[in-house]
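Going by the working numbering, the first residue of the sequence shown is number 354, and it counts up by one from there.
Note that CB positions come from ideal geometry on N, CA and C, so glycine has one too.
See structure below.
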Amino acid sequence: MNTKGLAAKYPGDKGIGKDPNVIAFSGFESDSWRQVFSGGRRGTVGVVGADEERKFERLQGKALRIKVEKGGHYGASIQYPFKQRTGGEPEEIYFRYYLRLGDDWDPERGGKLPGIGATYGRAGWGGRPSNGRNGWSARGQFKGRKDGKTPIGYYCYHADMRGRYGSAWIWEKDKLGYLENNRWYCIEQYAKMNTPGKNDGILRGWVDGRPAFEKADVRMRDTSELKIECIWINIYHGGTWPAPTEDHLYIDNVVIAKQYIGPTSPPEKTQNLPQDKPIGFQ
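What follows is the structure, encoded as structure tokens:
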């Protein structure tokens, strides 16, 4: 088994956007990321190279800083729409990004993180339940901090969901989905659509190159018309509960690809990223 992702061939992700298996890349070195992605409020989203107040340290160069205002919900709703950008929608996808929770990050309750969307403006978010034919999504999620760490996972609207709201699946394996403030993590997600009507859809997650989650019985759809509509960089506090404090996080080196990406190799400074361990799920 190949134990490295495609990023291992591109130190610091330099040139990774030209790899034939890469669909999109942004290192957020300028506002040119807006040519790749759509959305993002300028009042809460911006590129930064320094932020000493919140103990920001660069992954490499600049990064995307996202703010959730006190008393508010929205930080960002940024998308890479596959059909608009590539002419079609995939049945499976890998999505990797680097995440750093700011020094002031202290949510009391949960909310949304980047992930995979296919709502088609009909269902799969905001209390609009999925029924297998109208839409689905598998965004990331965060919970309120526990013992100084923020649990993350998938928040999934799927055809077997109960009630109006999505299923919360925390990345519990080896507690890899419990993140500290003030350090960079390599977060990777993988989704493969189910055979329509069958419970064989797959969701996987990695943290710093280590397998953190797998669920291989997801029913996203009952029709082949539903696929993977977009990558959805959604930062949202709630539910209906507002943020009790102003919170910041940082995102960098986003890659969307057809195969496992993995952590970037040196010379970047991200901590504890194994390049010689198995990436697969047994």
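#### Entry: Contact test: Asn552 Cβ vs the ligand MN heavy atom, cutoff 7 Å
For the ligand MN, the structure offers nothing, since it holds no ligand at all.
For this session: Flag this pair as yes or no: are the beta carbons of Lys499 and Asp456 separated by less than 8 Å?
Result: In the sequence shown, counting from the first residue as 1, residue 499 sits at position 146. In the sequence shown, counting from the first residue as 1, residue 456 sits at position 103. No, the Cβ-Cβ distance between Lys499 and Asp456 is not below 8 Å.
**OP:** Flag this pair as touching only if the region 418-426 and the region 502-522 have three or more C-beta atom pairs under 8 Å; answer yes or no.
**Re:** no
**Asked** Buried or exposed: which applies to Gly380, given that a residue is buried once 16 or more other Cβ atoms fall within 10 Å of its Cβ?
**Response** In the sequence shown, counting from the first residue as 1, residue 380 sits at position 27. Counting Cβ neighbours within 10 Å, Gly380 comes out buried, since at least 16 surround it.
Does the Cβ-Cβ distance between Ile581 and Pro434 come in under 8 Å?
-> To locate residue 581, count along the sequence shown from 1; it is residue 228. To locate residue 434, count along the sequence shown from 1; it is residue 81. No. Outside cutoff.
Fill in: Straight-line Cα distance separating Arg536 from Ile446
Counting from one through the sequence shown, the residue named residue 446 turns up at place 93. Counting from one through the sequence shown, the residue named residue 536 turns up at place 183. Cα to Cα, Ile446 sits roughly 26 Å from Arg536.
Check your understanding: Going along the chain, which unbroken runs of the beta strand (DSSP E) with 3 or more residues stay wholly within the region 549-615?
Key -> 554-560, 563-571, 583-590 and 600-610
Exercise. If you draw a straight line from the alpha carbon of Ile376 to that of Lys436, how long is it in whole angstroms?
Worked result: As a working mapping, residue 376 is identified with position 23 in the sequence shown. As a working mapping, residue 436 is identified with position 83 in the sequence shown. Spanning the two alpha carbons is a distance of roughly 12 Å.
query: Quick one: what does DSSP say Gln542 is sitting in, helix, strand or coil?
result: Within the sequence shown, numbered from 1, the residue matching residue 542 stands at position 189. In the structure shown, Gln542 sits in a strand (DSSP, three-state: E or B).
Please list, in chain order, all residues of the same chain as Gly485 whose beta carbon is under 6 Å from its beta carbon, the five residues on each side excluded.
As a first step, residue 485 is located in the sequence shown; it is residue number 132 there, counting from the start. Result list for Gly485: Ala512, Arg574 and Asp575, in chain order.
ask   = Is the Cβ-Cβ distance between Val607 and Phe378 less than 8 Å?
value = Position 254 of the sequence shown, counting from 1, holds the residue named residue 607. Position 25 of the sequence shown, counting from 1, holds the residue named residue 378. The answer is yes: Cβ separation under 8 Å.
Own chain, CB closer than 6 Å to Lys350, minus 5 neighbours either side, in chain order: Past the boundaries of the shown model lies residue 350; the chain is included only from 354 to 635, so the question cannot be answered.
Q) Looking at C-alpha atoms only, which residue of Pro364, Trp478, Ser385 and Arg411 is the closest neighbour of Gly516? A) In the sequence shown, counting from the first residue as 1, residue 516 sits at position 163. Among Pro364, Trp478, Ser385 and Arg411, the Cα nearest to that of Gly516 is on Trp478.
field: Separation of Ser385 from Gly530, as counted between CA atoms
entry: Position 177 of the sequence shown, counting from 1, holds the residue named residue 530. Position 32 of the sequence shown, counting from 1, holds the residue named residue 385. About 31 Å.
CB contact flag (Ala429, Ile586, <8 Å):
As a working mapping, residue 429 is identified with position 76 in the sequence shown. As a working mapping, residue 586 is identified with position 233 in the sequence shown. Contact: yes.
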